[in-house]
Structures are given as structure tokens and as C-alpha cells.
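Please read the structure below before turning to the comments.
Numbering (the UniProt record's numbering), first residue to last: 1 to 226.
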């Protein structure tokens, strides 16, 4: 068995705990440390592994020897995770992706970096998943659909064939997207919402059939609007 790749998990919240479990027991990576921004540094060890300040990560774990994974959830419409993802890229790190051995991923599916694809996901032929995308458990991604960068798909979401999910979008549990539908950038799709036509940018959609909210998605998720 070849030596496992050394991985630093960025974060110490629940997503980081789950990342540790999945990478440790179902991947080619060995988690060797955690890192957090200095303002959130509260303890020197976590899971009996060292914790370093993100500002010092290059000194302790240089990018030519270690890989990183940013383990944050969907805070501020995925901006929190994206901020650290871009920071690690600028520091020269390769970002690992986790794809569960219990997910169905067709051979020609394309998956970017810093993705977290959990069990019982179905990714059909010609699907494309961008960078920094989380697919929680039990979703269906239909053939030739594209999920663009920095999205969060919760659980039991159905994205039908030939769809596009715009950057930074969040899709709630049991939501469904009809064939040939494009979700615009910065969409917040509520739990159980059914989207059967193209959407507008920076918009919350709820209901069946889904209707837009008067409150913008960025305002709801506390993202500064330009």
C-alpha cells in the first residue's frame, strides 16, 4: 500500500469533525493537523493532533509537502468557506477533494478541488462539479448538469438533467430542479422548493412551484451587497 498523502484540515467545527472522519476512514489521505484563523485559535490540539494558526501554516506545514482541505459549511452564502479556500490557493496549497466510496460517480464525471461529496450521491454521466462544492448525502445530479464553484447542496436534492447551478448557491433539503433549468448566481433555494424555470441572481426561492422572495439572498445570509 502506498504512503498516504498528508492532509491539513482547515477548521474545527462540525464540518471539520466530519471531514476528519471521512478522510481518515475512506480516503487516500492521512489527517496530520488542523488549522484555524488566529482569532479562532482556542486550543493546541484537536483529535489528538496539533492545531496551528492559519497565518503560520506555511511555516509548520509547507505547501510542497502537505495538502489542505477547507472544512467550513455554507456560512454567509458560502463566502466564509470561499475566503479560506482562496487564501490557501494563494499560499500555494493543493486542495483535496473527498468523494465517498459509497457515492455513485460515473466514469466521465468531472470534479474540482476542495469538494466534499458524501455517501449515496448519484452523479450521472457527463456531470461537472466545480471547485469548493459540498454535496451532502443522498442527492441526485442528472446527466450533463453542471454545479459551478462554491455551492452547497444539502441532502435529497434532485437536480435533473441539463441543469446549471450558479456560483455560491445553496439548495435546501428535498428541493428539486426541473430539466434544462438554470439557477443564477447567489440563489438560496428553500427546503422542499420546486424550481421549474430559470431563476434570477441573488434571490431566495421557496414553495411549489417556487416563488421569489422580496428579501435578497445576500441580505438574508448577511453578505455585503455591492
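We put the CB at the ideal spot given by N, CA and C, even for glycine.
Given the structure is predicted, the values throughout are model-derived calculations rather than measurements.
Per DSSP, residue 224 lies in no alpha helix (DSSP H) segment and is marked neither H nor E. A contact between stretches requires three or more CB pairs, one per stretch, nearer than 8 angstroms, and the region 72-88 meets this requirement with the region 6-25. Taking residue 198 as the centre and dropping the five residues before and after it, the same chain places the C-beta of 181 and 182 closer than 7 angstroms to its C-beta, in chain order. Cβ neighbours of residue 22 within its own chain (closer than 6 angstroms, five residues either side excluded): 98. Across the structure, residue 69 and residue 96 are spaced so that their CA atoms are roughly 5 angstroms apart.
Within its own chain, the residues whose Cβ lies closer than 8 angstroms to the Cβ of residue 119, once the five positions on either side in sequence are excluded, are 100, 102, 103, 137 and 138, listed in chain order. Contact check for residue 203 and residue 193: beta-carbon distance about 11 angstroms, past the 8 angstroms limit, so the pair fails to qualify. Judged by beta-carbon spacing, residue 158 lies within the 9 angstroms limit of residue 175, meaning their Cβ atoms are closer than that value.
Note on residue 220: under 16 other CB atoms within 10 angstroms of its CB, so exposed under the neighbour-count rule. Comparing alpha carbon positions, the residue from 33, 39 and 4 closest to residue 26 is 4.
Across the set 154, 179 and 222, the C-alpha of 179 shows the shortest separation from the C-alpha of residue 163. By the CB criterion at 9 angstroms, residue 8 and residue 39 fall outside the cutoff. Runs of the alpha helix (DSSP H) spanning 4 or more residues and lying entirely within the region 63-143 occur at 79-90, in chain order. Look at residue 199 here: in three-state DSSP terms it is coil, with no helix or strand label. The continuous stretches of alpha helix (DSSP H) do not include residue 30, which lies in the beta strand (DSSP E) extending over residues 29-36. Around the C-beta of residue 226, fewer than 16 other C-beta atoms lie within 10 Å, and the residue is accordingly described as exposed. For residue 172, the closest alpha carbon among the candidates 81, 77 and 88 is that of 77.
In its chain, beyond the 5 residues on either side, 7, 9, 20, 23, 24 and 49 have a beta carbon closer than 7 angstroms to the beta carbon of residue 31. Nearest neighbour of residue 62 by Cα position, chosen from 42, 45 and 89, turns out to be 89.
Straight-line spacing of the CA atoms in residue 85 and residue 186 works out to 18 angstroms. Around residue 79, the same chain offers 223 as residues with beta carbons nearer than 6 angstroms, after the five sequence neighbours per side are excluded. Per DSSP, the continuous beta strand (DSSP E) segment holding residue 188 begins and ends at 187-189.
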